[in-house]
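Residue numbers (the working numbering): 7 to 158. We put the beta carbon where it would ideally sit given N, CA and C, even for glycine. Data first, discussion second: the structure below is written as structure tokens.
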Amino acid sequence: MTDSPISFTPAGPPETVLEPEPAQAREALAAAQRSDDPIAAIGLVCVRWPRFLEAWARLGQATAEPALAYAAFRTGYHRGLDRLRANGWRGSGWVRWTHPTNRGFLRALEGVRRMAAAIGEMDEAERCALFLRQLDPAWPPPDFDDRDRAGG
């Protein structure tokens with residue numbers, strides 16, 4: 007807990023927007039997703055750029071095994087919390103889908119929600135669903151791809 011006040015403006019809670027990933031990382035992920043073995047290829051992207059949230063989310067989507075998908079999504083979620091905090095997020099405020107650089111984090115959190123439900127962790131699934139709506143009241147956004155919903 008901190009004694010620092012959280013500033014709210016007339017426009018609402020503060021908004022955090024993550025910085026873009028290096029172009030080389032984005033290109034490597036795109037190529038990995040087209041690979042004959044996307045799980046291994048995306049995994050290598052995660053190893054090369056361990057803070058690349060979109061890579062962790064896409065690894066979770068590529069993995070059919072719920073426990074492994076859950077682990078990948080959860081890694082992306084926790085790495086995302088670290089990156090949000092480093093960008094000034096103090097545990098509240100918007101982290102909206104409309105900013106493409108936030109999508110890896112939100113996709114990972116949605117993956118944690120979905121996999122938690124799949125393995126019977128309904129309390130965690132409910133917490134994640136609430137957290138998503140707190141971060142972005144428009145959740146799920148209209149352009150949230152069906153591949154994101156289906157998990158791979």
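Which whole-angstrom value describes the C-beta separation of residue 45 and residue 68, a residue pair presumed to lie in contact below a C-beta threshold of 8 Å?
-> 5 Å
Would you kindly work out how many angstroms separate the C-alpha atoms of residue 102 and residue 49, rounded to a whole number?
-> 26 Å
Where residue 71 falls, given that 16 or more other Cβ within 10 Å makes a residue buried | exposed
Label residue 112 either buried or exposed according to how many other C-beta atoms from any shown protein chain fall within 10 Å of its C-beta, with 16 as the threshold for buried.
-> buried
Taking the CB atoms as reference points, tell me whether residue 55 and residue 31 lie closer together than 8 Å.
-> yes
Classify residue 142 as buried or exposed, calling it buried when 16 or more other Cβ atoms lie within 10 Å of its own Cβ.
-> buried
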